[in-house]
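Below: one structure, written as structure tokens.
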Amino acid sequence: MPDQPRRRRVGVMGGTFDPIHHGHLVAASEVQGVFGLDEVIFVPTGAPWQKADRDVSPPEHRYLMTVIATAANPRFTVSRVDVDRGGPTYTIDTLRDIKAARPDDELFFITGADALTEIFTWRDAGQLFELAQFIGCTRPGYTMDTDLFDEIPAERVTMLEIPALAISSTDCRDRHRRGEPIWYLVPDGVVQYIGKHGLYPQHLEAPNSEA
Ligand code: ATP
Ligand code: MG
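The opening residue of the sequence shown carries number 227 in the numbering used here; numbering runs sequentially from there.
Have a look at this one:
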């Protein structure tokens with residue numbers, strides 16, 4: 227009898243990617259290698275409810291920056307499911323849509339440990355863990371509040387230490403707004419894209435009358 231074909235192992239990395247940076251890419255690459263993933267799908271969010279306190283760049287810009295950043299890696303792809311659905315993105319919808327498109331694949335949801343802490347408290351958490359294995363990326367020296375593990379099936383969550391990369395999108399936006407370089411924090415093509423489209427413009431401070 228022929229062997230059962232091995233199920234494809236597919237990573238799903240959701241994010242605002244405003245902009246995508248080398249922290250995201252190193253995390254995805256590390257998880258791909260350690261878990262032997264055939265593909266990692268980057269999924270830029272629609273309008274993220276977690277970030278209602280600031281203006282998020284239009285989804286098409288974030289989608290295109292993600293395409294530019296991942297284009298050279300044959301295992302990296304980008305999905306439009308969250309961008310095209312529109313409105314706030316919930317991880318449960320992302321995973322359901324991706325699972326529907328590839329029902330035979332085994333999914334691994336890749337997320338930073340900070341975001342994982344939030345996921346554990348969501349209402350649909352039980353269903354999330356049925357749809358995917360969760361990989362929480364930590365930095366060396368980071369310790370997770372293990373009380374949270376009482377609520378979730380421990381075998382569905384794996385923590386993985388990523389080489390320290392103190393890069394965040396917030397810091398990249400702030401640096402660009404201050405006129406500081408973001409070369410080598412984000413891929414070259416993304417630096418060029420930000421300049422070409424005038425993303426994260428420098429704020430011209432209103433003159434302070436009390437000064
Ligand atoms: P922001 O500063 O706007 O919150 P961010 O840098 O955290 O942006 P997101 O798009 O919010 O980027 O992150 C997408 C995913 O990547 C999240 O799961 C987040 O935890 C993870 N992540 C972000 N930065 C890093 C990094 N330097 N190393 C590993 N994972 C990261
Ligand atoms: Mg973040």
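Idealized CB from N, CA, C, for every residue including glycine. Fair warning: this is a prediction, and the values are worked out from it, not measured in the lab.
key: Where the beta strand (DSSP E) containing residue 335 begins and where it ends   = 332-338
query = For residue 337, is the beta carbon positioned less than 6 Å from some heavy atom of ligand 1?
reply = yes
request  = Report whether the distance from the Cβ of residue 391 to the nearest heavy atom of ligand 1 is below 6 Å.
outcome  = Ligand 1 approaches residue 391 closely enough that one of its heavy atoms is under 6 Å from the residue's Cβ.
key: Assigned secondary structure, residue 344 (DSSP; H/G/I helix, E/B strand, else coil)   = When secondary structure is reduced to three states using DSSP, residue 344 falls in the helix class.
query = What are the boundary residues of the alpha helix (DSSP H) that residue 263 is part of?
reply = No alpha helix (DSSP H) holds residue 263; DSSP gives it neither H nor E.
ask   = Between the stretch 289-300 and the stretch 244-255, are three or more C-beta pairs nearer than 8 Å?
value = yes
ask   = Within the present structure, is the beta-carbon of residue 429 separated from the nearest heavy atom of ligand 1 by less than 6 Å?
value = no
message = Can you confirm whether the stretch 419-431 touches the stretch 260-276 when touching is taken to mean that 3 or more C-beta pairs between the two stretches lie within less than 8 Å?
response = no
ask   = Who are the near neighbours of residue 413 in its chain, counting only those whose CB is closer than 6 Å to its CB and skipping five residues on each side?
value = 295
query = Residues in its own chain within less than 6 Å of residue 243 by CB, not counting five upstream and five downstream?
reply = Listed in chain order, the non-local C-beta contacts of residue 243 below 6 Å within the same chain comprise 270, 288 and 292, local neighbours out to five positions each way being set aside.
inquiry  = Given this structure, state the Cα-to-Cα distance separating residue 437 from residue 341, to the nearest angstrom.
reply    = A caution first: residue 437 carries a pLDDT of 39, below 50, which makes its placement in the model too unreliable to give a value.
key: Segments of 3+ residues assigned as beta strand (DSSP E) that fall wholly inside the stretch 379-434   = 383-387
ask   = Going straight from the alpha carbon of residue 429 to that of residue 403, what length do you get?
value = 7 Å
ask   = Which whole-angstrom value describes the C-beta separation of residue 339 and residue 362, a residue pair presumed to lie in contact below a C-beta threshold of 8 Å?
value = 5 Å
Under the three-state DSSP convention, the category residue 315 falls into = coil
query = Going by the beta-carbon positions, is the gap between residue 365 and residue 390 smaller than 7 Å?
reply = For residue 365 and residue 390, yes; Cβs fall inside 7 Å.
message = Assuming contact is defined by CB atoms lying nearer than 7 Å, are residue 333 and residue 358 in contact in what I supplied?
response = yes
ask   = Do residue 272 and residue 236 come within 7 Å of each other at the CB atom, strictly closer than that value?
value = Cβ distance not < 7 Å, so residue 236 and residue 272 don't count as in contact.
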